[in-house]
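In my numbering, the protein residues as written are 37 to 122. What follows is a short report on a single structure.
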């Protein structure tokens with residue numbers, strides 16, 4: 037398996053591991069996203085509930101109250117850009 041394919045599989049597996057905690061494996065609730073973010077991105081300082089609520093609302097681009105994999109990948113693409121700039 038190539039590195040990029042391995043990375044894609046890892047991203048999907050990680051998403052599903054957190055998503056299935058509160059229900060289906062296809063979407064993240066606010067609670068699941070918070071757990072994922074705090075575990076997988078430690079030390080980023082996102083501890084404030086109001087900031088996390090705003091962050092979730094911005095990610096939930098279609099307003100359905102959950103974050104799907106496409107919305108999640110959009111976040112990861114943005115983070116990848118930020119990490120490579122520094």
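The C-beta atom is built at its ideal place from N, Cα and C for all residues, glycine as well. Since the structure is predicted, the reported quantities are computational estimates derived from the model, not experimental observations.
CB-CB length for residue i against residue j, believed under 8 Å
| i | j | result |
| --- | --- | --- |
| residue 57 | residue 105 | With 8 Å as the limit, residue 57 and residue 105 do not qualify as a contact, their Cβ atoms being about 15 Å apart. |
| residue 65 | residue 109 | About 17 Å separates the two Cβ atoms, so there is no contact after all. |
Buried versus exposed call for residue i [16 or more other C-beta atoms within 10 Å across all chains shown]
| i | result |
| --- | --- |
| residue 63 | buried |
| residue 43 | exposed |
| residue 86 | exposed |
| residue 51 | buried |
| residue 55 | buried |
| residue 92 | buried |
| residue 72 | buried |
Residue i versus residue j: straight-line alpha-carbon distance, rounded
| i | j | result |
| --- | --- | --- |
| residue 99 | residue 107 | 11 Å |
| residue 89 | residue 120 | 26 Å |
| residue 37 | residue 67 | 33 Å |
| residue 70 | residue 79 | 13 Å |
| residue 39 | residue 45 | 10 Å |
| residue 60 | residue 97 | 19 Å |
Span of the alpha helix (DSSP H) around residue i
| i | result |
| --- | --- |
| residue 89 | 85-95 |
| residue 77 | Premise fails: residue 77 is in no alpha helix (DSSP H) and is neither H nor E. |
| residue 50 | 39-55 |
C-beta neighbour in chain C for residue i, strict 8 Å
| i | result |
| --- | --- |
| residue 64 | Judged by its chain identifiers, the structure shown contains no chain C, having just a single protein chain. |
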